[in-house]
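The structure under discussion appears below in the form of structure tokens.
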Amino acid sequence: GSPSPGCASCGLPSMERDAEERLMTEIAKQQILEKLHLKERPNITHTVPRAALLTALRKLHSGRVRQDGTLELQNEIPTRDPGYEIVSFADISKMDSGEGASLNFQFQQERGQSIQVLESSLWIYARSSEDPRRDSRLFARVFLSAVGEVSGSNRTLVIEKMLEVQDSNWHTFPITRTLQSFLDGGQRRLQLEVSCDEDGKNLCSFDDTANSAHQPFLVAKVRLRDDRSKHVLRKR
Amino acid sequence: SLRCGNVVSVCCKREFYIKFKDIQWDEWIIAPEGYHMNYCIGQCPQHLAGSPGIASSFHATVFSQLKINGINTATTSCCVPTERRPLSMVFFDSQHSIVKMDVPDMIVESCGCT
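Protein sequences appear in the order of chains A and B.
The opening residue of the first sequence carries number 283 in my numbering; numbering runs sequentially from there.
The opening residue of the second sequence carries number 24 in my numbering; numbering runs sequentially from there.
Listed below in structure tokens is the structure:
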């Protein structure tokens with residue numbers, strides 16, 4: 283019934299176009315944070331090397347990386363599945379023995395939030411063997427180690443795999459169950475140790491230097507468990 | 024759904040693009056560069072609120088008929104989104120992990136009167 287163009291029943295008063303768009307922008311910001319399950323905009327204190335970021339995005343097939351380095355998402359219809367994908371880059375600390383490296387991943391779960399891991403894998407870049415006479419295959423092992431422990435001690439073998447290292451390439455290690463147990467335990471820091479050495483020489487690339495395109499990363503497809511539906515079922 | 028012109032009177036969809044660079048959010052949102060949020064604005068006068076294409080639902084048309092006939096006149100009709108579309112987003116979270124998420128109901132496709 284209001285003579286103004288705004289819809290009175292929505293509580294949106296009539297206002298100048300600029301003011302209206304400023305208000306809409308603020309509402310959009312709140313809406314985006316809420317939908318992305320964030321309390322506030324993330325404070326980016328250190329950036330992931332651009333090369334590593336582009337590599338991970340290419341591996342995810344999330345979209346096409348344009349020549350200028352920006353990402354164009356595939357023109358597909360997004361699903362209404364509440365699941366999402368996470369790519370976490372490792373903080374690397376070299377082991378004293380020089381055989382491998384300790385990879386640290388940080389995860390933060392909201393209290394009361396339960397995450398189901400649908401699929402997860404660790405991506406490692408292995409260089410080709412320098413000696414062409416050597417066997418082109420190499421054994422790689424991934425261990426779960428206790429946080430705060432000295433590298434090489436108190437660790438559990440998660441997976442071992444034969445890698446073909448005739449050419450330098452990326453290799454994946456499925457770690458779905460390991461990640462699920464880690465998240466169910468309410469921990470924050472996942473520490474993995476990777477050993478892929480040949481005659482004491484580590485063929486896996488663990489360069490923690492800036493602009494490294496070969497920084498190891500972890501990919502996980504997860505979704506939030508809907509505990510409310512469980513509660514309703516239990517009640518029924 | 025009607026698209027709003029410069030002067031808004033009847034319920035319509037106003038095109039509104041948010042560019043993340045303009046709000047300094049481009050450092051944590053990797054893709055897309057922005058999105059068409061759009062929103063609904065305008066009045067839903069009694070003679071239009073139940074019209075095909077403007078009414079948000081069959082239920083809205085029925086209620087509009089009740090109002091026109093002087094029954095249940097206390098209800099008011101409002102211009103709201105009737106169709107929305109999800110948006111794929113890739114962003115850094117607070118742990119500096121990259122997250123790809125399909126966010127539902129982000130883009131308003133059309134508007135109508137309740």
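Even for Gly, the Cβ is constructed at its ideal location relative to N, Cα and C.
Values in this document were obtained by computation on a predicted structure and should not be read as measured data.
- By the CB criterion at 8 angstroms, S418 (chain A) and V447 (chain A) fall inside the cutoff.
- Annotation: T137 (chain B) is outside any beta strand (DSSP E) and is labelled neither H nor E by DSSP.
- The C-beta of F39 (chain B) comes closer than 8 angstroms to at least one C-beta of chain A.
- Taking 7 angstroms as the cut-off between beta carbons, the residues of the stretch 296-307 of chain A near chain B are E303, M306 and T307, in sequence order.
- Sorting A:Q390, A:T307, A:L385 and A:S402 by C-alpha distance to the C-alpha of E367 (chain A) places A:S402 at the top.
- Within the stretch 411-480 of chain A, the complete beta strand (DSSP E) segments at least 3 residues long are 419-427, 437-446, 451-456 and 471-477, listed from N- to C-terminus.
- Here W405 (chain A) is bridged, per DSSP, to A:T454 and A:F499.
- A direct Cα-to-Cα measurement between S111 (chain B) and E475 (chain A) gives close to 33 angstroms.
- I77 (chain B) carries a coil assignment under DSSP once its states are collapsed to helix, strand and coil.
- The CB of S117 (chain B) comes closer than 8 angstroms to the CB of L320, P324, N325 and Q390 in chain A, given here in chain order.
- For G57 (chain B), the pairing in a beta bridge is given by DSSP as B:K42.
- Burial is judged here by how many other beta carbons sit within 10 angstroms of a residue's own beta carbon; E298 (chain A) has fewer than 16 and is exposed.
- Around the Cβ of G28 (chain B), a 10 Å sphere holds fewer than 16 other Cβ atoms; the residue is exposed.
- For S133 (chain B), not one C-beta of chain A is nearer than 8 angstroms to its own C-beta.
- Here the alpha carbon of R107 (chain B) sits roughly 15 angstroms from the alpha carbon of L25 (chain B).
- Taking a C-beta cut-off of 9 angstroms against chain A, the contacting residues of the stretch 102-128 of chain B are C102, V103, R108, P109, L110, S111, M112, V113, F114, F115, D116, S117, Q118, H119, S120, I121, V122, K123, M124, D125, V126, P127 and D128, listed in chain order.
- The three-state secondary structure of F389 (chain A), taken from DSSP, is coil.
- Here DSSP, grouped into helix, strand and coil, assigns V85 (chain B) to helix.
- For V330 (chain A), at least one C-beta of chain B is nearer than 8 angstroms to its own C-beta.
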